[in-house]
Each structure stands twice: as C-alpha cells, then as structure tokens.
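Single-structure report; data block below.
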Amino acid sequence: MEFTLLDSLPVDWAAWTLQNVIRGVAIADIQSALRLAGYDESARELGGRAGFNASEAAACTVRSLIVYRTALLRRMYLRKQRNQPVERRELDPSLFYSSYYFANEPVILAPLPTLEKLRLDWTFDYLSRRFGDILIEAQRGREGDPDYEINFDKHREKMRLDGLIKLIEDSGPNNDIYMCANNRALDSELSRMFGEIPDIDDLLEPKHARGKTFLWMGPQGTITPFHYDLMNVLLYQVHGRKSFVLAPPEATPFMYNDVSVYSRVNYFGDRSQFPLFEGVPLKTGILHPGEALFIPVGWWHAIRAESKSISLSFTNFLDANEYRKVT
Ligand SMILES: O=C(O)CCC(=O)C(=O)O
C-alpha cells in the first residue's frame, strides 16, 4: 500500500513526523501529537503501518524534500520576469568576457566598427558579382517537412552562389530555402571571402577564424527553429533584420526536447500544444544590420528573418569554447 502521509499533512508536519520516526520516538507519542494538532487521519495511518521504520521514514523525508524543493524552484523560476529584451551594449572586450561570456548571459554588441566596411560592401548584388560562380550548398524543400532541421541532410542541394541569390531575390517571403552554418559555405571555394572578413582580434581569435566562421543567407520568412548549441555563438547581422527569442538553459524541462538539441516548440507558429512552454521567461529582440547577438552556450534560441538576410556567425572566441555532448 502506498504511504500517503506526505500528501495528507502540511509539509512542515510531514517533515516533523518523519524526523521523529527516524529519531526513534515511540509511534504512539507521535500519534498523540498529531491528534492534538487535528491530524487524526494521519495519526491513524501512522499507527496502521506496523512495519513503518526509520529507513522507510528517511526515504520519505528525502522524497518530500526533493518534491518540495522542486516545487519551490519551479515557482521561483516561473515568476521571473518574462519577455525581457536583450541588453544592447557598446562593450569593451574584457567586459564582454567577464559580464557575458563567462556569466552565460546574452547581449547585443553594437556597433562593431571593425566589420562596418564589410557590412556596407556585402550587398546581395555585390556578392553575386564577386563570388557568383562558386558552387555552394544550401537547404531546399524545407517547407514540406516540419522537421527540416532534424532532417537536415535530406535538404542539401548544390547550386552556384548567384543562383541562390537569385532565388532569394525572386521568391518573396518563404522558409523553403536557406544557406545556413551547417552548409559550411566558407569551407568551399567561397573561403575566398575570408580576404574580406577583417579580424576582430580583441574579441575573437583570428588564428581559428577558418572553420569557425559561418555564412547564412536567406529570404524573408526563414526560420531557424528552437535549439541550443554546444558552443557560444556570436551572430553578426550583415544585411536585413532578424527577430530572435532566447530561453535560458534552466528552461530545458519546459522545452519539449525530444531529439538531440532540438525543441518541438514551434515558436513562430501554433504554440497551443506546448502548455509547459508558456511559463518560460524569454528574452526577445530584433537584430539589425551592424549588430551582433551573443548566444551563450546552452541557451535555447529561435530566429526568423524579417527581411532578406545575410549573417555571419563566429565561434572562435578567445577562451575555451568546446562543449561536447556527453550522451
Ligand atoms: O540566424 C539564424 O537563422 C540562426 C542562427 C543560429 O541558430 C546560430 O547561429 O546558432
């Protein structure tokens, strides 16, 4: 029979009762005290349990403490302020590292003067003329597949860069085509672009720029669904705007995380099937050209392009950034 003392008594009385059983106080004395306090039913239940002993009581105590602590943490967590914007700051790199990188806190860095020339130069038209003949890989056919991120490999398609840019320019808002980090465009012949990406050497490690810099290009309406990364990321907006939402790593129990680093929460769509998510404190904002969003490791994020968009992301930070999946 399941022992329900913990459910029938207020938590402080349940703890008092169990502690006294563990101390070896006679069950009859504990029953009298419970009756005096008006908990007759619990007293009866305690008496009916001839075999109830100290180790069983200890196990109940631990269980009650865990249940109680989890309930408190959940309440505190859900009461945190919701929908806070991410701070936008012009930051000294050492302050960026101490207050955000090591604190695992998101921030928008603006402006980044070192990248200003690149931002002004890199229009779709310029990139098409300068690098258009290069064969790259992009994602295509995403709209027919609700799990297009999980099924990433199915959507790989080779095309010339000017072909991709034409599709983006001509197709209007859609989520069907996207060149994203995992297409690793800058590992292709497009690595020639590195000639135009200046080092931001007070913030990032130039020696590790290759292999840790990624190019993103897509139409208005492109959506990167909720996921977290196993590294810190700096997402720099070259062209167009992106709206973003971030949820902290502690939100994981409410993120419907069934597969790998992905959440089932369809943030930019119908969220009615995800009631647990409704209590999650979010940080939202819009990233404008010339700004860089720091996405700390483990933070859930979903991103939508609000116009045709070009972004660069960097993971070559000056300090350790190698987090591995352990399961
Ligand atoms: O810009 C995007 O579409 C997604 C960026 C992102 O998720 C990342 O850099 O990890």
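Quick note on the working numbering: the sequence shown kicks off at 16 and runs consecutively.
From the three backbone atoms N, C-alpha and C, an ideal C-beta is built for every residue, glycine too.
Check: Check whether V343 and I318 have beta carbons under 9 Å apart; Outcome: Residue 343 is absent from the model: the chain starts at 16 and stops at 342.
Check: 6 Å CB neighbourhood of Q99 in its chain, flanking five on each side removed; Outcome: K298
Check: contact_flag[the segment 151 to 168, the segment 181 to 198] where n(CB pairs < 8 Å) is 3 or more; Outcome: yes
Check: Buried/exposed call for D63, threshold 16 Cβ in 10 Å; Outcome: A small correction: the amino acid at residue 63 is Gly; Asp does not occupy that position in the sequence shown. So G63 counts as exposed.
Check: Segment limits, alpha helix (DSSP H) that includes S328; Outcome: Where S328 is concerned, there is no enclosing alpha helix (DSSP H), although the beta strand (DSSP E) it sits in stretches over S324 to F329.
Check: C-alpha distance - N331 paired with L291, whole-angstrom precision; Outcome: 35 Å
Check: Beta-carbon proximity of L110 to G305, cut-off 9 Å; Outcome: no
Check: According to DSSP, residues forming a beta bridge with K298; Outcome: Q99 and L261
Check: Where Y282 falls, given that 16 or more other Cβ within 10 Å makes a residue buried; Outcome: buried
Check: Alpha carbon of Y191 to alpha carbon of D216, nearest angstrom; Outcome: What sits at residue 191 in the sequence shown is Asp, not Tyr. Their Cα atoms are separated by approximately 36 Å.
Check: Length of the line joining the Cα atoms of F209 and D160; Outcome: 33 Å
Check: Burial state of S322, where buried means 16 or more other Cβ atoms lie within 10 Å; Outcome: exposed
Check: Outcome for T85 when other beta-carbon atoms lying within 10 angstroms are tallied against a minimum of 16; Outcome: exposed
Check: Delimiting residues of the beta strand (DSSP E) encompassing G233; Outcome: T228 to G233
Check: Near ligand 1: I183 beta-carbon under 8 Å from a heavy atom; Outcome: no
Check: DSSP state of Q34 mapped onto helix, strand, coil; Outcome: helix
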